[in-house]
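Below you'll find the structure, written out as structure tokens, and then a few comments.
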Ligand SMILES: Cc1cc2nc3c(=O)[nH]c(=O)nc-3n(C[C@H](O)[C@H](O)[C@H](O)COP(=O)(O)O)c2cc1C
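Numbering (UniProt numbering), first residue to last: 1 to 191.
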């Protein structure tokens, strides 16, 4: 293998394509976000924190600052065109509030997309500004899932059919095949 240095190029893809929602000036606004972080992960660890990195110029940031609440929705491949659209136009110029049927969970200002297989509502925990981005860290309050996307009570990625994002070639992808079992397959090398 001959490796070539690419310089300071972020190569951490694919990432998950999500739609983030917030109430801005009294109505829901949506934008596509493919830079979502899982801050702590252990099952059963409560609360859990997720981060989203939003350029300061985005209209949605205003709503997250206003109400300290937001949602992260996972669209399916069937929603790819609308998902891309909300990442192309700004709520500052175009009204995106009626694009999706809205549901509310327990937070008043974290609008959830009823047709997304998965939606999470979050309370703003902390904001970190790095250069031109605001990293909003949210405390996860609740997760809602379409019952048909569950297998034996667990969210099933093959049913959710998420959209993966590649910023290097600039493409959307779908899931491939399951290839192994975490925390089990490596055991074959344990002495
Ligand atoms: C696939 C995709 C992924 C995106 N990911 C991000 C992201 O992670 N962070 C970000 O600041 N903008 C991201 N954007 C750009 C915003 O979604 C876009 O500028 C949006 O129109 C801003 O909307 P708003 O001004 O109504 O908030 C992405 C766009 C697309 C199409």
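Beta carbons are placed, not taken as given, at the ideal position from N, Cα and C, and that holds for glycine.
Residue of the options minimising C-alpha distance to residue i
{"i": "residue 80", "options": "180, 183, 173", "result": "173"}
{"i": "residue 92", "options": "64, 118, 76, 59", "result": "59"}
{"i": "residue 126", "options": "63, 51, 10", "result": "51"}
{"i": "residue 145", "options": "162, 116, 39, 163", "result": "116"}
{"i": "residue 159", "options": "111, 165, 151", "result": "151"}
{"i": "residue 131", "options": "57, 2, 118, 33", "result": "57"}
{"i": "residue 25", "options": "2, 42, 96", "result": "96"}
{"i": "residue 90", "options": "61, 14, 76", "result": "61"}
Status (buried if at least 16 other CB within 10 Å, exposed otherwise) for residue i
{"i": "residue 169", "result": "exposed"}
{"i": "residue 83", "result": "buried"}
{"i": "residue 192", "result": "Any answer about residue 192 is impossible in this case: the structure gives the chain only from 1 up to 191."}
{"i": "residue 162", "result": "buried"}
{"i": "residue 48", "result": "buried"}
{"i": "residue 111", "result": "buried"}
{"i": "residue 98", "result": "exposed"}
{"i": "residue 28", "result": "buried"}
{"i": "residue 118", "result": "buried"}
{"i": "residue 106", "result": "exposed"}
Assigned secondary structure, residue i (DSSP; H/G/I helix, E/B strand, else coil)
{"i": "residue 22", "result": "strand"}
{"i": "residue 171", "result": "strand"}
{"i": "residue 185", "result": "helix"}
Within 8 Å, strictly: CB atoms of residue i and residue j
{"i": "residue 138", "j": "residue 124", "result": "yes"}
{"i": "residue 20", "j": "residue 72", "result": "yes"}
{"i": "residue 67", "j": "residue 22", "result": "yes"}
{"i": "residue 31", "j": "residue 86", "result": "yes"}
{"i": "residue 133", "j": "residue 12", "result": "no"}
{"i": "residue 136", "j": "residue 64", "result": "yes"}
{"i": "residue 102", "j": "residue 122", "result": "no"}
{"i": "residue 165", "j": "residue 78", "result": "no"}
{"i": "residue 143", "j": "residue 120", "result": "yes"}
{"i": "residue 18", "j": "residue 46", "result": "no"}
{"i": "residue 109", "j": "residue 69", "result": "yes"}
Closer than 7 Å: residue i CB and nearest ligand 2 heavy atom
{"i": "residue 142", "result": "Although ligand 2 was asked about, the structure shown includes only ligand 1 as ligands."}
Next item on the list: Just list the beta strand (DSSP E) runs in the UniProt domain "Flavin reductase like" (12 to 158), keeping only unbroken ones of 3 residues or longer that don't cross its boundaries, in chain order.
Entry: 18 to 24, 27 to 33, 36 to 38, 49 to 55, 69 to 74, 118 to 130, 133 to 145
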